[in-house]
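>
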Amino acid sequence: MSLTNERIQQRLTEKFGDVVTGYEEPYGMLTFTAQRESNLKVMQFLFDDEELRFQFLTDITAVHYPERKNEELAVIYHLHNFVDNVRIRMKVFAPVAAPKVYTATSLFLSANWMERETYDFFGIDFVGHPNLKRILNVDEMTYFPMRKEFPLEDSMRIDKDDEMFGRGGNI
Amino acid sequence: MLDQKQHVNLPQGSIEKTTTTLNLGPTHPATHGVFQNILEIDGERIVSAESTVGYIHRAFEKIAERRPYYQITPLTDRLNYCSSPINNMGWHLTVEKLLGIEVPKRVDYLRVIIMELARIADHLICNAVMGVDTGALTGFVYLMTYRELIYEIYEEICGSRLTTNIGRVGGFERNFTPVAWEKIHRFLEEYPKALKEFETLLTRNRIFIERTQGVGGIDAKRAMSYGFTGPNLRAAGVDYDVRVATPYCSYQDFDFTVPVGTTGDCYDRYLVRNAEMWESISIIRQAVEKLKDLPDDVYHAKVPEFYLPPKQDVYTKMEALIYHFKIVMGETDIVPGEVYSSVEGANGELGFYLISDGGRSPYRLHFRRPCFIYYQAYAELVQGAMISDAIICMSSLNLIAGELDA
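As you go down the protein sequences, you meet chains A and B in turn.
Residue numbers for the first sequence, in this note's numbering: -5 to 165.
Residue numbers for the second sequence, in this note's numbering: 14 to 419.
1. Suppose contacts are defined by Cβ-Cβ distances below 8 Å. Is B/Q396 in contact with A/S104 by that definition?
2. Does B/L23 come out as helix, strand or coil in the three-state DSSP assignment?
3. Consult DSSP for A/D176 and reduce its assignment to one of helix, strand or coil.
4. Sorted by chain position, which residues of the same chain lie with C-beta nearer than 8 Å to B/D112's C-beta, five sequence neighbours on each side aside?
5. Can you tell me whether A/Q29 is helix, strand or coil according to DSSP?
6. Got a sec: is the Cβ-Cβ distance from A/T(-2) to anything in chain B below 8 Å?
7. Would you say B/F385 reaches chain D, if we count a Cβ-Cβ gap shorter than 8 Å as a contact?
8. Could you give the distance in angstroms between the alpha-carbon of A/V36 and the alpha-carbon of B/S355?
9. For the region 40 to 57 of chain A and the region 74 to 83 of chain A, state whether three or more C-beta atom pairs, one from each stretch, are separated by less than 8 Å.
10. Listed from N- to C-terminal order along the chain, which residues in the region 44 to 55 of chain A have their beta-carbon within a distance smaller than 9 Å of any beta-carbon of chain B?
11. Mind checking B/H198: buried by the 16 CB within 10 Å criterion, or exposed?
12. Cβ of B/R382 within 7 Å of any heavy atom in the ligand COA?
13. Just tell me which of B/L307, B/H379, B/E289 has its CA closest to the CA of B/V120.
14. Nearest to B/L304 by alpha carbon, out of B/F189, B/I335, B/L417, B/V327?
15. I'd like the list of long-range same chain contacts for B/P322, defined as Cβ closer than 7 Å, with 5 residues on each side in sequence excluded.
16. Can you pull the chain A neighbours of B/Y261, defined as C-beta to C-beta under 9 Å?
17. Taking its Cβ as the centre, do 16 or more other Cβ atoms sit within 10 Å of B/G274, making it buried, or is it exposed?
18. Going by other Cβ atoms of all chains shown within 10 Å of its Cβ, with 16 needed for buried, is B/T177 buried or exposed?
19. Take the Cβ of A/I165 as the centre, count every other Cβ of all protein chains shown within 10 Å, and call the residue buried at 16 or more, exposed below.
20. I'd like the ranges of any alpha helix (DSSP H) spanning at least 4 consecutive residues and lying wholly in the region 89 to 144 of chain B.
21. Can you list the residues of chain A that B/G152 reaches, using a CB-CB cut of under 8 Å?
22. Buried or exposed for B/N100, please, with buried defined as at least 16 other CB atoms from any protein chain shown within 10 angstroms of its CB.
23. Starting from the beta carbon of A/S100, find every residue of chain B whose beta carbon is closer than 8 Å, and list them in chain order.
24. Work out the CA separation of B/T107 and A/G22 for me, nearest whole Å.
25. Report buried or exposed for A/Q4, applying the criterion of at least 16 other Cβ atoms within 10 angstroms of its Cβ.
26. Comparing alpha-carbon positions, which option in B/E168, B/Y155, B/G172 lies nearest B/K206?
27. Among A/L46, A/V69, A/V57, which has the Cα closest to the Cα of A/R81?
28. Quick one: does B/A258 have its CB under 8 Å from some CB of chain A?
29. Alpha carbon to alpha carbon, what distance is there between B/Y312 and B/K330?
30. So does the region 128 to 145 of chain B actually touch the region 409 to 416 of chain B, counting three or more Cβ pairs closer than 8 Å?
31. To the nearest angstrom, how far is it from the Cα of B/L417 to the Cα of B/Y328?
32. Can you list, in chain order, the stretches of the alpha helix (DSSP H) that have 4 or more residues and sit fully within the region 222 to 249 of chain B?
33. Does A/M140 come within less than 8 Å of chain B when only Cβ atoms are used?
34. Taking B/F385 as part of the alpha helix (DSSP H), name the residues at either end of that continuous run.
35. In its own chain, which residues sit with a C-beta less than 6 Å from the C-beta of B/A233, not counting the 5 before and 5 after it?
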C-alpha cells in the first residue's frame, strides 16, 4: 500500500549508488538496470529488506539488441512484492560474446526453468546454475533461435515460386 | 545356461541398480497431454522424477516478431487451449495498455462474462478429470455437457469453439446475439445444479478423499518460491489473485471472494477450483445484472485506427476502407514502449511482456506461462509417492501442454 516507486528508488540508490542506474517508469512499473556483476546482490537486497520484500519472481526473459555494442543481450527480471502489491522490472545487460550472468536459482526455485528457457533461446550463460541445458528445443541444437540474426521469412516476399501453397510464381 | 563370457551391452551400473527406471509419457493415456517424466521407482514408490518438456514447442514468441498485432491473437489461443478466451483477452488488454485505449464499461463486462465462462470450462475439466483419474467417470460425464454448452456460447459469439480468437483490440468483433444470451441464461440456470451434483459425488467421497488428501502437498513458502500462481498457489494458502491485486476489465466492480486452501495438496486444489467455479457463476450473474443498466449496442471502443471495421463498411465507405487497409498492411503507427500486463488465467498469472519499437510487429513478446513455471515443482511433489499418486498430482495441477511449451 505504502511502498511507492520513489521509495524503492531511494532505497536502491542509498544502498547501491552507481551500480543500479537507468530508472524509468514505463506504464507505471519501476524499471532499472543493474550492473551485470551485481544482479544477485541487488535481488538479494530486494528479497531480504524488510521494507522492500520482493519475494516473488514473476518472470525471467531476455531481449536481443544487436545494435548495442557490448550489451547486446538484456536479461529481464520481473519481481513482485505480494504484501504491498508492487511490481518492478530489473534489467541486466551482457555482451553477446560472453553472456555470463549470475543465476538466481539460489534465491528462487522457479528461476531454474526460466533460466534454462532463457539459455535455450538466447544463450545466456547463467553462472552457477545447477542444470543449465536446453529445455524446449532439442539438445543437438547449436544456435540460439530467438536472437535477431535468425529472422523469420518475410510474409510479404514475392520471389518464391511456391504454387503448392497458393503463392504462384509470377506475381 | 548363460555363458559367463557372453557380451551383453548393459549400461554401466545397471546390474547393481536397485531401482527401476520408468518412462511415464510422453504419450501415456493417463497423463492427458504430452508430458514425459522419467521416474526412478523402488517397487511402486517414486524415488526421483525428471520432467522433459518441449514436445509441442511451436516458437510462438519468434513467430510473433513477424506478425502484426491482430494476428498474434490466434497464437495466444494455443497456449492454454482449455480456456483460450482468457488468453485472447489478456493479449487485447496488453495491446490496449500499450496504446492507452480506454474501453467502455459494457465491453469490460462482456469480457468478464467470457473470461469467467472460460475459467469455469477450464476448472471443470481439471476437476472432472481428477475424478476420472481416481476412478469416477460419472462426474466427468455430468460436467462435460456444460463444457459443451460453454463452447456453444463461444461459437455464438465468435464462430469457433476451442481456439476461439475471440474479440479484438478495443472490444468484440460483433455484439452478443440473442441466442448467445439465451444460452448464457440457460447455463446460469442449469450449471449450478450439475455442479452441486458433481460435488455431492466427489467432495465427501471416501475413496476420492483417500486418494487425494495428503498427496502432492506443498507449503505456501515453497509454492511461492516455485512461482506457483492461481488455484495451485491459493490451495497452499496464499490469497494472490490478479483479479484482486491488479484489477483489469473492471473486476473491482464485482463482489467475489478468493477461496484459499491450507495444505496445497490435490484435495485442496480440487476444493479451491470448485469454490472458484461458484464464484465465477456469481460474477457472471452480477455482470448480467450490471449490463441491464447499460446501452446494449456498445461492443467496442471507438478506436478506428486499431479496430477492424465491419466488412460491409469496407466495401461501401471510404473511411472504413482506409482504416482497413492501414491496419491490414501494418501502416498504423504503434507507440514504442515496453509493457507487462497480466490476467488471472485459469492456471495462474498469465503475463505478456511486450516490447514495441514502433514497428508493425512487436520487437519482443514473451508469454509468462503459469504452467511452465509451476511444472518444475512436479518432481518434488511426487517424490516418495506412488505412481498412481503421480497421475492424480499431474491432473490436479492442471498442466496444459500448450501452455507449457508455447
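No residue lacks a Cβ here, since even glycine has one placed at the ideal position from N, Cα and C.
The structure says:
1. No.
2. Reduced to three states, the DSSP call for B/L23 is coil.
3. Here chain A covers residues -5 to 165 and nothing more, so residue 176 of chain A does not appear.
4. The sequence given here places Leu at residue 112 of chain B; Asp does not occur at that position. Hits under 8 Å: V182, V316, F319, I347, V348.
5. Coil at A/Q29, not helix or strand.
6. False, the Cβ-Cβ gap to chain B never drops below 8 Å.
7. Given the protein chain composition of this structure (A and B), no chain D is represented.
8. If I take the Cα positions, the gap works out to 25 Å.
9. Output reads yes: the region 74 to 83 of chain A touches the region 40 to 57 of chain A.
10. Answer in chain order: Q49, F50, L51, T52, D53, T55.
11. Classification for B/H198: exposed.
12. Here there are no bound small molecules, and the ligand COA is not part of this structure.
13. If we check each option's Cα against that of B/V120, B/L307 comes out closest.
14. For B/L304, the nearest C-alpha among the options comes from B/F189.
15. Cβ neighbours of B/P322 beyond the five flanking positions: A333, Y336, H337.
16. Per Cβ cutoff of 9 Å: no residues; B/Y261 is ~13 Å from chain A at best.
17. Per the 10 Å Cβ criterion, buried.
18. With 16 or more Cβ atoms within 10 Å of its Cβ, B/T177 is classed as buried.
19. Residue placement at A/I165 is flagged as unreliable, the pLDDT there being 44, under the threshold of 50; a coordinate-derived value is accordingly withheld.
20. Counting whole runs of 4 or more residues, the region 89 to 144 of chain B contains the alpha helix (DSSP H) stretches 97 to 112.
21. Those within 8 Å of B/G152 in chain A number zero; the least Cβ separation is about 33 Å.
22. Counting Cβ neighbours within 10 Å, B/N100 comes out buried, since at least 16 surround it.
23. Among the residues of chain B, none has a CB under 8 Å from the CB of A/S100; the nearest is roughly 11 Å distant.
24. Rounded to whole angstroms, A/G22 to B/T107 spans 14 Å at the Cα level.
25. Residue burial is scored here from C-beta neighbours: A/Q4 has fewer than 16 other C-beta atoms within 10 angstroms and is therefore classed as exposed.
26. With respect to the C-alpha of B/K206, the residue from B/E168, B/Y155, B/G172 having the closest C-alpha is B/Y155.
27. Checked all of A/L46, A/V69, A/V57; the closest Cα to A/R81 is A/L46.
28. Answer yes: the Cβ-Cβ gap between B/A258 and chain A drops below 8 Å somewhere.
29. If you take the alpha carbons of B/K330 and B/Y312, they lie about 20 Å apart.
30. Between the region 128 to 145 of chain B and the region 409 to 416 of chain B, the count of Cβ pairs shorter than 8 Å is three or higher; the stretches touch.
31. C-alpha separation (whole angstroms): 42 Å.
32. Complete alpha helix (DSSP H) runs here, min 4: 233 to 238, 243 to 248.
33. Chain B, which has a Cβ nearer than 8 Å to the Cβ of A/M140, makes this yes.
34. Where B/F385 is concerned, the enclosing alpha helix (DSSP H) stretches over 383 to 387.
35. Around B/A233, the same chain offers A249, G250, V251 as residues with beta carbons nearer than 6 Å, after the five sequence neighbours per side are excluded.
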